[in-house]
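Structure, as structure tokens:
4 protein chains.
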Amino acid sequence: MTHRIAIIGASGYTGAELLRLIATHPEMEVAALAANSKVGQQMAQVFPHLRHMDLPPLVTWEEIDFDGIDLCFCALPHKTSQEVISKLPRGLKIVDLSADFRLTDTGAYERWYGNPHAAAEMQQEAVYGLTEFYREEIRAARLVAGTGCNAATGQFALRPLIAGGVIGLDDIILDLKCGVSGAGRSLKENLLHAELSEGTNAYGVGGTHRHLGEFDQEFSKLAGREVRVQFTPHLLPMNRGILATVYVSGDPAAVHAALSEAYAAEPFLQVLPMGEMPSTHHVRGSNFCHVGVSGDRVSGRTIVIAALDNLTKGSSGQAVQNANLMLGVEETAGLMLAPCFP
Amino acid sequence: MTHRIAIIGASGYTGAELLRLIATHPEMEVAALAANSKVGQQMAQVFPHLRHMDLPPLVTWEEIDFDGIDLCFCALPHKTSQEVISKLPRGLKIVDLSADFRLTDTGAYERWYGNPHAAAEMQQEAVYGLTEFYREEIRAARLVAGTGCNAATGQFALRPLIAGGVIGLDDIILDLKCGVSGAGRSLKENLLHAELSEGTNAYGVGGTHRHLGEFDQEFSKLAGREVRVQFTPHLLPMNRGILATVYVSGDPAAVHAALSEAYAAEPFLQVLPMGEMPSTHHVRGSNFCHVGVSGDRVSGRTIVIAALDNLTKGSSGQAVQNANLMLGVEETAGLMLAPCFP
Amino acid sequence: MTHRIAIIGASGYTGAELLRLIATHPEMEVAALAANSKVGQQMAQVFPHLRHMDLPPLVTWEEIDFDGIDLCFCALPHKTSQEVISKLPRGLKIVDLSADFRLTDTGAYERWYGNPHAAAEMQQEAVYGLTEFYREEIRAARLVAGTGCNAATGQFALRPLIAGGVIGLDDIILDLKCGVSGAGRSLKENLLHAELSEGTNAYGVGGTHRHLGEFDQEFSKLAGREVRVQFTPHLLPMNRGILATVYVSGDPAAVHAALSEAYAAEPFLQVLPMGEMPSTHHVRGSNFCHVGVSGDRVSGRTIVIAALDNLTKGSSGQAVQNANLMLGVEETAGLMLAPCFP
Amino acid sequence: MTHRIAIIGASGYTGAELLRLIATHPEMEVAALAANSKVGQQMAQVFPHLRHMDLPPLVTWEEIDFDGIDLCFCALPHKTSQEVISKLPRGLKIVDLSADFRLTDTGAYERWYGNPHAAAEMQQEAVYGLTEFYREEIRAARLVAGTGCNAATGQFALRPLIAGGVIGLDDIILDLKCGVSGAGRSLKENLLHAELSEGTNAYGVGGTHRHLGEFDQEFSKLAGREVRVQFTPHLLPMNRGILATVYVSGDPAAVHAALSEAYAAEPFLQVLPMGEMPSTHHVRGSNFCHVGVSGDRVSGRTIVIAALDNLTKGSSGQAVQNANLMLGVEETAGLMLAPCFP
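Right, here's the structure in full:
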């Protein structure tokens, strides 16, 4: 059975990635595409790589007739997203890719994002979209909040360790290396090829990156106490990929065992043999996440490294995975694309 | 119905690309993998990005039991390929990705490749694998010779123009820009990241590149007279993609019409609206080829630009397309993956 | 003796490149820096890589006291440049890096740039800044017009051939491969790392690129008749560098001899041994231009390839070279930096 | 006064970088170049970007007449270096760029490098080449051991903090991001453009990287007790540059003050204003090292980030700086090249 899909915010990278995945999805068809800034254009103009797809023209989201829509992906910027979603039909299944419904606490949202939430009651209703850990809730959900791409990567490395009590909670450090597509299709000097290629730098240093809100919420909930990690993202000259290098106190074997057990049955999470390290090269364009573990010469210290593609497993792939659950489709449908290497 | 596939030479880039495509192909399963230099290894060691696939271990090609094999891809270097293929069972369907069976003339082969052909009778039997122009022959073939990736790109730009008599035959110039994966997984100084990134240079200048053998054979056959093009390839700091900028004498409208007509029903060939130009960005990782046409301010001159992914439409995608025809499978099966952008 | 230099338009890439070169120039010191959009900022904020230099803060150009200035570089966008330069003191030596004074014909300027020239008499006075061919005029000039970077590359390949009568004039084709810094620090989608890296495309196809105005003017003047070349630029995923692949009719040996003779005494122009091809890798960050020549298997056809760094020899290095001549300084002063490889 | 320089091992990247720097050095001239694997070639063949320099042909090191040589750079692989250097004239001033004389302890050398040291007495004589901290010893030295490039970066971030007692010594973590030229001109699969570009991975995870030997030696000496840091290097798709992200316990203001004070008079070390972060983009091709400091939301935690160019400040620039001291030349001579951006 084919499900009719709408995408709001189709002119950004996560919108394009949704379409790339739906292109070969056996049970989804694109019924409506909205992008208010590009109304009237064809997707072939906005994203010529999708030229071969038979897609509806871009309209405003207000023009979409949601009666015939089975599920709507919302790929808008945060703040805009909550405003739009609060006006969509109440019965519509929605997967939101913005930050707007990730934090359940209204105060936390305002602290990290700087504005009061305009749809606080929906914030309560939304299910956090980290599929592997909220599968049943997502299956039953009406509104799923896609996670931050950095937040997803860090949680894949750490959740089973916190839940399993195999690491210390007071000295967790996440050093992330991120590809540029995570910053979106935004016209900023530092995202120009001439400024970004052939070099690297940290950003959001010192605990200011908004994905920390998700780490705090999820890790504290898991641990049953407040957990505050250190998190430093770095911008790398590559388009796709996040590599999270996580430094923890704990026994390497216990850490490896906890991860292996947690992900044993997961189709997209792959724990590498002890001592083997993942690479973003090996997950590019796919919905897979590779996780590696190593001890350190400093006794009692363990390094966990997780790699995924921020546009796929980090956002649009995760969104399709969640949509599959919400629609009663096979969870892996449309998502078994092998990574694109080289 | 699922067809059982063998790949000989599975440890190179075209081997990996075959596996990437077969990973989501609905009617192929990998029954045997050979790579004589890596015997005994798992593909996850050779290509960790294929870790999620359930694949047989690497063996020597001599160890493969071809009785249960429906079709064999051969992704070996030229010269080795002819030696191996000449020893394979006579009834086995084979798609060869090397240069060994592209040229039907034994003398031409020896001139371009420097060694006498070791399987001259099979050279006669082989069908040239440019699917869109040899579809019926390929459907009936036992042995199909995959084209050169540069040769494919140039022919997509030029064949309908030569066949249609809409361009001059004596001043055709192909200036090609090629990604590095076309050079294979070979350890050469100029292919190192430190030497290749952030710059460009021409190679094989002056009419020495071997793909000229294919241009000569195919264009002369089409024209019914000898055609000798100029062809200069350039190595670009990108992994995938070929952009062929072709300079011809002819009327732009007639050129555009000839291409549009030739490719009107083709699933993978897309002729852009007059004056619009393709980009390798927009075909990356896919089996599509985009073709654009423009006139020039110099009257009577036309520019045709074709873009494809050398590993997909230029070799492994083409190979799967041909295999689909040979196996009686839908021609597009497993090949409708959308390009991976950004 | 140290000359006091002003730079107007210091916040763009050519401004930054001027400063990079002046940083180790033995006879220039930076006395004033203007960038109207960044007034009040320090260069360390606009270009942190210049942090170590002791530089004046950014002011508006109107605030500069030109009395103490020996020479002014003007690195503004075209059109703005003519407006500003027409208001500068009449006696001030100026090297303009914009397109505004390259074309001596007012009609040609308006045709290529779309607006009437606002300083037509200065347009007549300006000397075309291709140093190697206008050295004496530049030495005596008050206002020198820096050439287009593509225009410089093509002329280095072709001028001695046109002047020497060794090639045909009616079928010259320039296929250029250009790094992205030539497009400046402009916020455009196609210049983003995510859109530009890992792929290539042509632009300005069909004879619409403005640097054709320079080719037309210079080549026609040299030939004593109208010369109209074909010119197709391509954007490559690299920051610096232009490679011009030029297709001509002519004898390879005569072409090589004409270039070798023309550049025998030139410090920055290097003609490679016959058949050897240049690479933009080998001129990056330097003021050198490498030129290679090859025959083709098609008799009577020759390929000339020229490589330079668009920001250095193609604009700011050329500007410093011209300024050296205008100030009576050694022509190579500050310009012998070796290319930065890898 | 011009000093006559020999380079042994001139065909690698650090050899090329020495020549790039000497090209504009006012008081050095290249008298002899050795590269045993390329004997008889010209540098223009080995490194065409140095084509404009007037250089002696490559010979074996045994052929060099050291009588006329004032100083010899040795840019050989470790192990080979000690064998060659032990046979050079006893009075010859030498700057070694290999790992062979960095560790003063023979046992430590053998532990990290796997072979007994063949010139143990010279190992004792050698001065550790981190200029800013061993300036007087270097001035008087005959043999200086250039530091590891990662080791230099980490020490620039940490030495003043350990010496000043402003950070904890038991939980120091260095997460390094390294460009590929640090791996040298070696033909390895993972250094190919097709494998390295567009992705990242860690290597030497868990405390196995050899530069840890230097950290252990230097930090323990400084602290007067054993210090064992955690150090995880990552390979990034960029040619030059190291970014060290260092996590420490300590007060941010005290850390910033200690670094600012230590480097106040240093020409190449620049401490950024509190909270500002360096980028490898801004030191590329230069001898500068930028250092930034930030507190973290986790109280008592501080992040120090240091950026330098591994080929310049990390090896060949450092070597020239040391040679300047040994020859009685101005320390900054030939080293004030501005970074090459973009």
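Protein chains in written order, with UniProt numbering: chain A, 1 to 342; chain B, 1 to 342; chain C, 1 to 342; chain D, 1 to 342. We put the CB at the ideal spot given by N, CA and C, even for glycine.
Check whether the Cβ of residue i lies closer than 8 Å to any Cβ atom in chain A.
i	result
B/T24	yes
B/H281	yes
D/I167	no
Hey, is residue i's beta-carbon within less than 8 Å of any beta-carbon in chain C?
i	result
B/H49	no
B/P278	yes
Along chain A, in chain order, which residues have C-beta atoms closer than 9 Å to that of residue i?
i	result
C/R185	E189, L192, A194 and E195
Under 8 Å between C-beta atoms, does residue i make it to chain B?
i	result
A/R90	no
C/K177	yes
Got a sec? Which residues, its chain only, sit under 6 Å from residue i by beta carbon, not counting five neighbours each side?
i	result
A/Q123	F101 and H117
D/L169	A223 and V227
C/A35	A10, S11 and L58
D/Y263	L269 and V271
Starting from the beta carbon of residue i, find every residue of chain C whose beta carbon is closer than 9 Å, and list them in chain order.
i	result
A/V180	L192, H193, A194 and S197
Would you report the Cα separation of residue i and residue j, rounded to the nearest angstrom?
i	j	result
A/R135	A/L325	8 Å
A/A258	B/L192	39 Å
C/E276	D/A338	32 Å
A/L335	A/S249	35 Å
D/N190	C/P237	21 Å
D/A32	D/A141	22 Å
B/T14	D/L161	52 Å
C/D105	C/E125	11 Å
C/S197	D/S98	35 Å
D/G179	D/L308	11 Å
C/H282	C/C340	8 Å
B/G295	C/G206	5 Å
D/Y247	B/H25	47 Å
Please confirm whether residue i has its beta-carbon closer than 8 Å to some beta-carbon of chain D.
i	result
C/M1	no
A/I5	no
Give me the chain B residues within the contact set of residue i, using Cβ-Cβ distance strictly less than 7 Å, ordered along the chain.
i	result
C/P342	A194 and E195
For residue i, which residues in chain B fall below 9 Å Cβ to Cβ?
i	result
C/P339	Result: empty, since nearest Cβ-Cβ is about 10 Å, beyond 9 Å.
A/R20	L337, A338, P339, C340 and F341
A/Y13	F341 and P342
At a CB-CB cut-off below 7 Å, which residues of chain A make contact with residue i?
i	result
D/R102	Within 7 Å Cβ-Cβ: nothing; D/R102 doesn't reach chain A, min ~19 Å.
B/A16	F341
Going along chain B in order, which residues have a C-beta closer than 8 Å to the C-beta of residue i?
i	result
C/R284	E198 and G199
Note down, in chain order, each residue of its chain lying with its Cβ closer than 7 Å to the Cβ of residue i, except the 5 sequence neighbours on either side.
i	result
D/F133	R159
D/F215	A151, G154, V229 and F231
D/F47	A16
Give the interface partners of residue i over in chain D, defined as CB-CB distance under 8 Å, in chain order.
i	result
A/D171	D171
Could you name the residues of the stretch 286–310 of chain A whose beta carbon sits closer than 7 Å to any beta carbon of chain D, in the order they occur along the chain?
Hits within the stretch, in order: S294, G295, D296, R297, V298, R301, I303 and I305.
Using a Cβ cut-off of 7 Å, which residues of the stretch 226–253 of chain B contact any Cβ in chain C, in chain order?
R228, Q230, T232, H234, L236, P237, M238, N239, G241, L243, T245 and Y247
Select from the stretch 193–217 of chain C all residues with a C-beta closer than 9 Å to any C-beta belonging to chain B, and list them in chain order.
H193, A194, E195, L196, S197, E198, G199, T200, N201, A202, Y203, V205, G206, G207, T208 and L212
Mind checking the stretch 27–57 of chain C against chain A and listing, in chain order, the residues whose C-beta falls within less than 8 Å of any C-beta there?
none
Return the residues of the stretch 258–274 of chain B that lie within a Cβ-Cβ distance of less than 9 Å from chain A, sorted by chain order.
P267, F268, Q270 and L272
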